[in-house]
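Keeping their order, the protein sequence lines are chains Z and L. Under my numbering, the residue at position 285 of the first sequence is numbered 285, and the numbers go up by one with no gaps. Under my numbering, the residue at position 197 of the second sequence is numbered 197, and the numbers go up by one with no gaps.
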Amino acid sequence: MHNAIELKNIVKRFGKVVANDGINLEINYGEILCLLGENGSGKTTLMNMLSGIYQPDEGEILKKGEQISIRSPRDAYSYGIGMIHQHYHLVDVFTAAQNIILGLEKEKMDIAAVNDKVLEICNKYGFDIDPKKKVYDMSVSQKQTIEIVKQLYRGAEILILDEPTAVLTPQETDKLFKVLRNMKKDGKAIILITHKLAEVMDVSDKVAILRKGKYVGTVNTNETNPQGLTDMMVGHAVSLNIDRPVYENPTDKLVVKDLTVIDSDGIARLDHVTFTAKTGEILGVAGIAGSGQKELLESITGLQHVSEGTIQFINPDGKGIELVGKTPIQISKIGVGMGFVPEDRLGMGLVGSMGMTYNMMLRSWKNGKGIFFKKKEPEEQANKVWKNLEVVTPSIDFPVRKMSGGNIQKVLVGREIASRPPVLLTAYAVRGLDINTSYAIYNLLTREKMNGSAVMYVGEELDVLLELCDRILVLCGGKVSGIVDARNTTKEEIGFMMTTVGGLKGGNS
Amino acid sequence: MKEVKTPLIRLAKRADIDKRKAWAIRIGSILVALILGMIPILMAGENPFVSYMIIIQGSLGKAGYIRQTVKRAIPLLGVALAIAPCFKMRFWNIGAEGQITMGAIFASFIAIKLGPSGLPLVVMAILMCIAGALGGAFWGFVPGFFKARYNTNETLFTLMMNYIAIGIVRYLQGGPWEGRPGTQIIPMFTSNARLPNVLGVYCGWIIVLVMVVIVHIYMNYTKQGFEVAVIGDSENTARYAGMNVGWIMMRTMLFSGAICGVVGWMLVSGANGTLNSDVAGGVGFTAITVAWLSQLNSFAMIAIAMLLAIIGKGSATLQTRLNIPASVADIISGTLLFCMLACEFFINYKLIFRHKKEAEV
Ligand SMILES: Nc1ncnc2c1ncn2[C@@H]1O[C@H](COP(=O)(O)OP(=O)(O)OP(=O)(O)O)[C@@H](O)[C@H]1O
Ligand SMILES: [Mg+2]
């Protein structure tokens, strides 16, 4: 029997960057293959060659043993290859079904028949969408579902998913995996990119590993373990334990009382949130996506209009400074140092068209007198981040937009930590980061904590929250469900608090 | 296996392109334009090579022609510099026409009211320059303010402001500032309100060259220039970095409008010697092409502004020398613009032809 797809010796270069250097890969029907590799190791690039976005410079692609050439996404469709990218290309004002047939020939314009066929696909694999619903009413996970159904509708038998779980809650991930298993049973070949080793172990049959653009090898999932995979990926043994030292004499740093945020629709995004963040502590924030995490961090940084409540920043001398009602500029002018790693990296934290130097300057461009900005310091800082965090980029002037997802995040985190802020706020700091880099980030956050910063870590992986944080604040629908000691709690308890205010025994702190 | 139907020619986004190749494409596109431009000339029954010689000769052949060409290039360059920061910010200011006109009105006010009092030329020039800058800045500020406050569409807004400014000049021409009653003409300014010539062209060329350097420094080395660039990429990032987006928009429009206003002053005080409703004469629109083709690079703008001025002046000569109607001259310059814009497309995309062998696969 032939493989569904076989890649032989694929090479892809971008100018001087060799993104793929002699990659071999095989995938069979009825199989889930995970593609694993550090940030910038060339996973997305390789898959883009299967979906017709790039063409390989060297090497062959074989389908069922016959050589094919995929020169456009349309070619890919005709070979039954469908890719779900990290960014979705849906038309907001169209319904699910309309989006699914978008770009197809006119033969299929009978919308009722389309709806039926979509429902049929949904039932077959266990998707849960309403074909008549408009996209702007949908959550991220529903949009992702549409993208998958769209590929199936077009008859894809080889499905590629690029980091689909990065934007999903644990529950949604479980649902997705159930669907993937159904598709596997139906004989589809599935290639999945993810950085989460637990997911790799959970869902895959085989794992192919890339390192720095080179092919390392393929292993059967049931013959390996997370440690083994990490070692192959990184090239040397790494420790998968998070160090959690205790800081002596923590003091209050941020005192938040009755913080309430009402959005333009009159809905309370935050509802009388009260808590204290201390120096030398990582305060985790857990919650289902959209429970007010974004509003909480943005209120503290002065980006969000606050309807009610107070946020006090406590100076080392014990005096409190009120932050509510101040703009980000005013907050930094009165000497309150704050680092903030927002969720939307390119849309909010960085300037995609500029290089690392100018992105470092986003924090310091106002420094110094006169009308000219100073480039020397940001340049040094960029070089430091480049070296210390092992950012993969040809130069510090290379536009960050063109870097791989993980490297973009390193630039952002590197900048925010560089100023040694007394308060460090992070939203999904390791989303899309490979294991090695994630641990590097955990260590950096812990280092900041031991330097006496008050660190807030909004996260989605409960295991990490439990291992990394000192206390965990659980949000549920904009309310504080409880604040627990991370050393003495369980995943189950937090999971329960995420869905029920107060959890099992009511809030304790 | 399924039959694949690959089209004969396909487009693909270029991953990256080296600078030399990009410039080769740019120069190639000018050649293509010149070849295409021959068609209408042939259709008019003239020899295209002779015609091109006339264009070159008519714009650069004599010192006097060169002066006239430079005179055309001055406002183009000045206004392209003015709108560069707006475009960098993705604020589509197509109201340069109106801002020039408003600057011209304010400067003319000084010329008409204070000129006869016999103030020295230097004082007059400074006062008129300031007045022009204020007029243009005011006209630029209004749409900037509404965009920042109420998020109005700046394209429509700036466009409408053009017509208002031109209407005001018409009113002044026919009413308060009219010279001999019934002429609808504003008299020539007194000589102390006129810019002197340097090397045969009014000294505006020195002023715009200085502005090239100023705008280049402003855009690349100042805090304000950095703010503009960040907003152009992402407004949210700008807010995150503590920038006051609304104020920066208004400030940039003030800056841009002021430069347009200064150009307006140079036009009335240097090029024309008086004010009329056609003072901007489409410069505000052509300058958008200049800014865009030069990729918002101030120094490249000098070359592009000169090129467009050469075509403009040369075609005018062509029309008088040969039996080629003005419209043909327009077609030639239009073709050139089209080809140069298309070439930016080919710098970003490449064509892939279907190979015979692969087509059979
Ligand atoms: N269009 C491009 N132009 C230049 N370089 C590119 C381009 N696309 C990717 N690269 C480079 O190729 C390398 C591989 O990138 P790729 O996006 O495939 O990595 P990845 O394995 O998907 O990483 P991540 O896990 O961070 O998403 C990176 O060094 C990246 O900077
Ligand atoms: Mg990727």
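The beta carbon of each residue, even a glycine, is placed where N, CA and C say it ideally should be. Note that the coordinates shown come from a computational prediction; the quantities given were computed from them, not determined experimentally.
How is the alpha helix (DSSP H) around residue i delimited, first residue to last?
{"i": "Z/Lys-253", "result": "Counting along the chain, Z/Lys-253 falls outside any alpha helix (DSSP H), though it belongs to the beta strand (DSSP E) covering 252-262."}
{"i": "Z/Leu-468", "result": "462-468"}
{"i": "L/Gly-261", "result": "245-266"}
{"i": "Z/Arg-211", "result": "Here Z/Arg-211 belongs to no alpha helix (DSSP H); instead the beta strand (DSSP E) covers 206-211."}
{"i": "Z/Tyr-428", "result": "Neither: Z/Tyr-428 is in no alpha helix (DSSP H) and is coded neither H nor E."}
{"i": "Z/Glu-58", "result": "Where Z/Glu-58 is concerned, there is no enclosing alpha helix (DSSP H), although the beta strand (DSSP E) it sits in stretches over 58-63."}
{"i": "L/Cys-86", "result": "63-88"}
{"i": "Z/Tyr-457", "result": "Run containing Z/Tyr-457: none in the alpha helix (DSSP H); it sits in the beta strand (DSSP E), 454-458."}
{"i": "L/Val-364", "result": "Because chain L spans 1 through 361 in this model, residue 364 of chain L falls outside it and cannot be assessed."}
{"i": "L/Glu-97", "result": "96-114"}
For residue i, decide whether its Cβ has a neighbour in chain Z, counting only Cβ atoms nearer than 8 Å.
{"i": "L/Thr-237", "result": "yes"}
{"i": "L/Gly-242", "result": "yes"}
{"i": "L/Thr-317", "result": "no"}
{"i": "L/Asp-233", "result": "yes"}
{"i": "L/Tyr-202", "result": "no"}
Could you check which residue in the options has the C-alpha nearest to that of residue i?
{"i": "Z/Met-47", "options": "Z/Ile-84, Z/Asn-28, Z/Ile-32", "result": "Z/Ile-84"}
{"i": "Z/Ile-494", "options": "Z/Lys-43, Z/Ile-472, Z/Ile-267", "result": "Z/Ile-472"}
{"i": "L/His-216", "options": "L/Thr-152, L/Val-245, L/Glu-178, L/Leu-296", "result": "L/Leu-296"}
{"i": "Z/Thr-165", "options": "Z/Ile-146, Z/Glu-66, Z/Glu-199, Z/Met-138", "result": "Z/Glu-199"}
{"i": "Z/Gly-325", "options": "Z/Asp-317, Z/Ile-300, Z/Ile-314", "result": "Z/Ile-300"}
{"i": "Z/Cys-34", "options": "Z/Pro-73, Z/Tyr-88, Z/Gly-40, Z/Leu-210", "result": "Z/Leu-210"}
{"i": "L/Gly-45", "options": "L/Phe-338, L/Cys-339, L/Asn-323", "result": "L/Asn-323"}
{"i": "L/Met-340", "options": "L/Val-32, L/Gly-144, L/Ala-193", "result": "L/Val-32"}
{"i": "Z/Leu-197", "options": "Z/Ile-68, Z/Glu-448, Z/Lys-185, Z/Met-233", "result": "Z/Met-233"}
{"i": "Z/Ile-334", "options": "Z/Ala-97, Z/Gly-370, Z/Phe-313", "result": "Z/Phe-313"}
{"i": "Z/Gly-290", "options": "Z/Gly-452, Z/Ala-97, Z/Ile-267", "result": "Z/Ile-267"}
{"i": "L/Trp-139", "options": "L/Phe-49, L/Gly-281, L/Thr-252", "result": "L/Thr-252"}
{"i": "L/Met-38", "options": "L/Phe-49, L/Gly-28, L/Leu-293", "result": "L/Phe-49"}
Could you spell out the range, first to last residue, of the beta strand (DSSP E) harbouring residue i?
{"i": "Z/Arg-13", "result": "5-14"}
{"i": "Z/Asp-21", "result": "17-27"}
{"i": "Z/Val-391", "result": "No beta strand (DSSP E) holds Z/Val-391; DSSP gives it neither H nor E."}
{"i": "Z/Gln-86", "result": "Where Z/Gln-86 is concerned, there is no enclosing beta strand (DSSP E), given that its DSSP letter is neither H nor E."}
{"i": "Z/Glu-157", "result": "From DSSP, Z/Glu-157 is part of no beta strand (DSSP E); its letter is neither H nor E."}
Which of the three DSSP states is assigned to residue i in this structure?
{"i": "Z/His-272", "result": "strand"}
{"i": "Z/Asn-508", "result": "Any reading at Z/Asn-508 must be qualified, since the residue scores a pLDDT of 44, below 50, and its modelled position is unreliable; the value itself is stated next. Looking at Z/Asn-508 - three-state DSSP - the assignment turns out to be coil, as it is neither helix nor strand."}
{"i": "Z/Met-403", "result": "coil"}
{"i": "L/Arg-321", "result": "helix"}
{"i": "L/Thr-286", "result": "helix"}
{"i": "Z/Asp-137", "result": "helix"}
{"i": "Z/Tyr-77", "result": "helix"}
{"i": "Z/Leu-445", "result": "helix"}
{"i": "L/Val-122", "result": "helix"}
{"i": "L/Val-228", "result": "helix"}
{"i": "Z/Glu-493", "result": "helix"}
{"i": "Z/Arg-471", "result": "strand"}
{"i": "Z/Val-179", "result": "helix"}
{"i": "Z/Phe-373", "result": "coil"}
{"i": "L/Ala-359", "result": "Its pLDDT being 37, under 50, L/Ala-359 is placed unreliably by the model, and nothing is read from it."}
Are the C-beta of residue i and some C-beta of chain L separated by less than 8 Å?
{"i": "Z/Met-49", "result": "no"}
{"i": "Z/Ser-303", "result": "The sequence given here places Leu at residue 303 of chain Z; Ser does not occur at that position. True, the Cβ-Cβ gap to chain L drops below 8 Å."}
{"i": "Z/Lys-294", "result": "no"}
{"i": "Z/Ser-353", "result": "yes"}
{"i": "Z/Met-360", "result": "no"}
{"i": "Z/Leu-90", "result": "no"}
{"i": "Z/Leu-323", "result": "no"}
{"i": "Z/Phe-94", "result": "no"}
Task: Cβ pair count under 8 Å reaching 3, the stretch 396-410 of chain Z against the stretch 421-435 of chain Z - done: Yes, the stretch 396-410 of chain Z is in contact with the stretch 421-435 of chain Z.
Open item on the list: Counting beta carbon pairs with one atom in the stretch 233-252 of chain Z and one in the stretch 460-471 of chain Z, are three or more of them shorter than 8 Å?
Closed with: They touch, by the three-pair rule.
- [ ] State whether the stretch 303-318 of chain L contacts the stretch 57-64 of chain L, with contact taken as three or more CB pairs (one from each stretch) at a distance under 8 Å.
- [x] Yes, since at least three Cβ pairs between the stretch 303-318 of chain L and the stretch 57-64 of chain L fall closer than 8 Å, the two stretches touch.
TODO: May I ask you to verify whether the stretch 155-171 of chain Z touches the stretch 77-94 of chain Z, counting CB pairs closer than 8 Å and requiring at least 3?
DONE: In short, these stretches touch, since the Cβ pair count reaches three.
- [ ] Spell out a yes or no on whether the stretch 160-172 of chain L and the stretch 114-131 of chain L are touching, meaning 3 or more CB-CB pairs, one atom from each, closer than 8 Å.
- [x] The stretch 160-172 of chain L, when compared against the stretch 114-131 of chain L, does not touch it at the 8 Å Cβ threshold.
Open item on the list: Three Cβ pairs or more, each shorter than 8 Å: is that satisfied between the stretch 131-142 of chain L and the stretch 234-243 of chain L?
Closed with: The stretch 131-142 of chain L and the stretch 234-243 of chain L do not touch, with fewer than 3 CB-CB distances between them shorter than 8 Å.
Open item on the list: Is it the case that the stretch 248-263 of chain L contacts the stretch 356-376 of chain Z, given that we only count it when at least three CB pairs across the two stretches are under 8 Å?
Closed with: Counting Cβ pairs under 8 Å, fewer than three are found: no touch.
- [ ] Please determine if the stretch 268-278 of chain Z and the stretch 211-230 of chain L are in contact, where contact requires at least 3 C-beta pairs separated by less than 8 Å.
- [x] Using a C-beta cut-off of 8 Å, the stretch 268-278 of chain Z makes no contact with the stretch 211-230 of chain L, since fewer than three inter-stretch Cβ pairs fall below that distance.
Task: contact_flag[the stretch 470-490 of chain Z, the stretch 297-317 of chain Z] where n(CB pairs < 8 Å) is 3 or more - done: The answer is no - the stretch 297-317 of chain Z does not touch the stretch 470-490 of chain Z, with fewer than three Cβ pairs under 8 Å.
Open item on the list: Quick check: the stretch 147-161 of chain L against the stretch 111-120 of chain L, are at least 3 beta-carbon pairs closer than 8 Å?
Closed with: By the Cβ test, the stretch 111-120 of chain L is not in contact with the stretch 147-161 of chain L, since fewer than three Cβ pairs between them sit closer than 8 Å.
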